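One structure is given below, encoded as structure tokens.
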Amino acid sequence: MIAVVTGAAGFIGSTLSRRLLDDGHKVTGIDALTKAYDIELKIRNVDNLVDHRNFQLVYGDLTDPSSVDLLRNADVVFHLAGQASVTSSWGRSFETYARNNIMATQRLLDVLAGSAIKRFVYASSSSVYGEAMVMPTVETALTRPISPYGVSKLAAENLCHAYQREQGIPVTSLRFFTVYGPAQRPDMAFHRMFRSVYRGEVFEVRGDGTATRDFTFVGDVVEAILAAASCGWNGVANVGGGNRVSLREVLAIVEEVAGPLNLRWGPTVAGDVRDTGADIDLARDALGWEPRTDLYTGLRTMAAWAEELLRTEPSHR
Ligand code: NAD
21 MIAVVTGAAG FIGSTLSRRL LDDGHKVTGI DALTKAYDIE LKIRNVDNLV
71 DHRNFQLVYG DLTDPSSVDL LRNADVVFHL AGQASVTSSW GRSFETYARN
121 NIMATQRLLD VLAGSAIKRF VYASSSSVYG EAMVMPTVET ALTRPISPYG
171 VSKLAAENLC HAYQREQGIP VTSLRFFTVY GPAQRPDMAF HRMFRSVYRG
221 EVFEVRGDGT ATRDFTFVGD VVEAILAAAS CGWNGVANVG GGNRVSLREV
271 LAIVEEVAGP LNLRWGPTVA GDVRDTGADI DLARDALGWE PRTDLYTGLR
321 TMAAWAEELL RTEPSHR
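Next comes the structure, spelled out in structure tokens:
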């Protein structure tokens, strides 16, 4: 297949691109190398991809019409570009979220309407649920985000639905639940925990440590994305790792696999939900997918990557 991966230099986009190339596909990656975090990390993510004969990396912004033009020949578009992070989406910075999450998605979909695209896979988020009333949460649950980030992800998901229904674009939206593994973004909790272990930095625990997350290994997320690309199903499905644990439990596992953390306890942060938990029956039925990586194994894999990065390179944020 001729695949386009938006956000190819990011955490999930670069991991997916590697896998597509390993499977023999041609990949065009597009990334604006935004300053959401250190560009050096994004360059590191694509370092082992750029020399591959089937890979092309385009430096471009999806809100710029000339960048999206090259999508027209794609068989499948994997739309992973976006402005991530819940906690920094308040205030003036929402403009960036609106542009990179909502406008960018609308531009893409508009260019693809009427094209011969076989599938558009959108990276949605568990944050669309807000404080879910029921755990594990099914896709039909009320979507009422409590962060501007969640609002922007839900808006883009709804755009995907509108373009699927009215413009005939075959779309699958996948709601990822806290993704972790090698190349994880430096603002995310596990990455910061490993900075604490390997560099002695303070890891601030937000809240009392009883909040829970359904952590999902990036390799399992990539499998779900590939399943969505090939199964011919339109809709919205949860992609959760089946590892719903509290922050306290995670801290203990990180200490076991990597070493002692330097902790400080702080307040909760606006926009951070208390709990997440994915009901993945729909993903099982519609995509034939289920997660395979338990938290302990996934964290050991991530620790090996983090140790190399954090012990050998200057500080990245
Ligand atoms: P990331 O920040 O590492 O990757 C996103 C990439 O998109 C970055 O390299 C950035 O430069 C690029 N980008 C942003 N705006 C762009 C634009 N306008 N044009 C071109 N490129 C642009 O983030 P990630 O953690 O890999 O997340 C990938 C996607 O998955 C995002 O859409 C995010 O909202 C979604 N998601 C991630 C998680 C998670 O736990 N990581 C959970 C739920 C949803």
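Going by my numbering, the residue at position 174 of the sequence shown is 194; the numbering climbs one at a time, nothing skipped.
Heads up, the beta-carbon is just placed ideally off N, CA and C, and yes, glycines get one too.
Note that the structure is a prediction, hence the values are computed from the model and not measured.
Proximal residues to residue i (C-beta, below 6 Å), its chain only, five neighbours per side dropped
{"i": "V274", "result": "M213"}
{"i": "V222", "result": "N282, R284"}
{"i": "V78", "result": "I50"}
{"i": "G80", "result": "I50, S87"}
{"i": "S37", "result": "V25, A28, V47, G49, L69"}
{"i": "S109", "result": "Y117, S167, P168, Y169"}
{"i": "S105", "result": "D207"}
{"i": "K62", "result": "A29, L53"}
{"i": "F31", "result": "A203, Q204, R205"}
{"i": "Q76", "result": "T48"}
C-alpha gap between residue i and residue j, whole angstroms
{"i": "F210", "j": "G201", "result": "9 Å"}
{"i": "W325", "j": "E186", "result": "44 Å"}
{"i": "H99", "j": "R195", "result": "13 Å"}
{"i": "G27", "j": "R64", "result": "14 Å"}
{"i": "R205", "j": "A303", "result": "25 Å"}
{"i": "N217", "j": "E60", "result": "Position check: residue 217 holds Val in this sequence, whereas Asn was assumed. So the two alpha carbons sit approximately 21 Å from each other."}
{"i": "A94", "j": "I137", "result": "6 Å"}
{"i": "A257", "j": "L162", "result": "14 Å"}
{"i": "T160", "j": "A152", "result": "11 Å"}
{"i": "N306", "j": "E333", "result": "Checking the sequence, you will find Ala at residue 306 rather than Asn. Spanning the two alpha carbons is a distance of roughly 42 Å."}
{"i": "A182", "j": "G44", "result": "32 Å"}
{"i": "P280", "j": "R331", "result": "15 Å"}
{"i": "V259", "j": "E328", "result": "29 Å"}
{"i": "I300", "j": "V158", "result": "8 Å"}
{"i": "G102", "j": "M208", "result": "15 Å"}
{"i": "V241", "j": "V270", "result": "20 Å"}
{"i": "D292", "j": "A143", "result": "19 Å"}
{"i": "A12", "j": "S250", "result": "With the chain covering only 21 through 337, there is no way to say anything about residue 12."}
{"i": "V338", "j": "G111", "result": "This structure cannot speak to residue 338, because the chain is shown only from 21 to 337."}
{"i": "G239", "j": "G188", "result": "30 Å"}
{"i": "S113", "j": "R294", "result": "23 Å"}
Residue span of the beta strand (DSSP E) that contains residue i, given as start and end
{"i": "D207", "result": "Counting along the chain, D207 falls outside any beta strand (DSSP E), and DSSP gives it neither H nor E."}
{"i": "T48", "result": "46-51"}
{"i": "S266", "result": "263-266"}
{"i": "Y79", "result": "75-79"}
{"i": "I354", "result": "This structure gives no information on residue 354, because the portion of the chain shown stretches from 21 to 337."}
{"i": "V259", "result": "255-259"}
{"i": "T192", "result": "191-196"}
{"i": "R337", "result": "That residue, R337, is in no beta strand (DSSP E); it is neither H nor E in DSSP."}
{"i": "V11", "result": "Lying outside 21 to 337, the shown extent of the chain, residue 11 is not represented and no answer is given."}
{"i": "V222", "result": "222-226"}
Start and end residues, alpha helix (DSSP H) containing residue i
{"i": "D240", "result": "238-250"}
{"i": "S172", "result": "168-187"}
{"i": "S135", "result": "Run containing S135: none; DSSP gives neither H nor E here."}
{"i": "R331", "result": "315-332"}
{"i": "G286", "result": "Note, G286: premise wrong, no alpha helix (DSSP H); beta strand (DSSP E) at 282-286."}
{"i": "R38", "result": "31-42"}
{"i": "E60", "result": "59-67"}
Own chain, CB closer than 8 Å to residue i, minus 5 neighbours either side, in chain order
{"i": "R127", "result": "L82, T83, P85, V88"}
{"i": "N254", "result": "Q184, P190, V191, T192"}
{"i": "T230", "result": "S266, L267, R268"}
{"i": "L179", "result": "I122, T125, Q126, L129"}
Cβ-based neighbour list, residue i, same chain, cut-off 7 Å, excluding 5 preceding and 5 following
{"i": "A323", "result": "F214, V277, A278"}
{"i": "R286", "result": "Rather than Arg, the amino acid found at residue 286 in this sequence is Gly. If we look at G286 and ignore the five residues flanking it on each side, its Cβ neighbours are E224, V225, R226."}
{"i": "V289", "result": "T107, R226"}
{"i": "V148", "result": "T163, P165, G170, K173, L174, E177, R195"}
{"i": "G220", "result": "N282"}
{"i": "Y57", "result": "R205, P206, D207, R337"}
{"i": "L243", "result": "Before going further, note that residue 243 is Glu rather than Leu in the sequence given. Within the same chain, E243 has close Cβ partners W309."}
{"i": "I245", "result": "L36, F98, V141, L194"}
Pair within 8 Å by beta-carbon distance, residue i and residue j
{"i": "F237", "j": "T313", "result": "yes"}
{"i": "Y117", "j": "P168", "result": "yes"}
{"i": "N121", "j": "T54", "result": "no"}
{"i": "V141", "j": "T192", "result": "yes"}
{"i": "R264", "j": "D234", "result": "yes"}
{"i": "V47", "j": "N68", "result": "no"}
{"i": "G262", "j": "P311", "result": "yes"}
{"i": "A29", "j": "V66", "result": "yes"}
{"i": "S135", "j": "R164", "result": "no"}
{"i": "L132", "j": "V97", "result": "yes"}
{"i": "S34", "j": "A248", "result": "no"}
{"i": "T232", "j": "G150", "result": "no"}
beta-carbon residue i near ligand 2 non-hydrogen atom, thresh 7 Å
{"i": "N120", "result": "Ligand 2 is absent from the structure shown, which contains only ligand 1."}
Check: If you scan the region 78-158 from start to end, which runs of the beta strand (DSSP E) of 3 or more residues do you find wholly inside it?
Finding: Listed in chain order, they are 96-99, 139-145.
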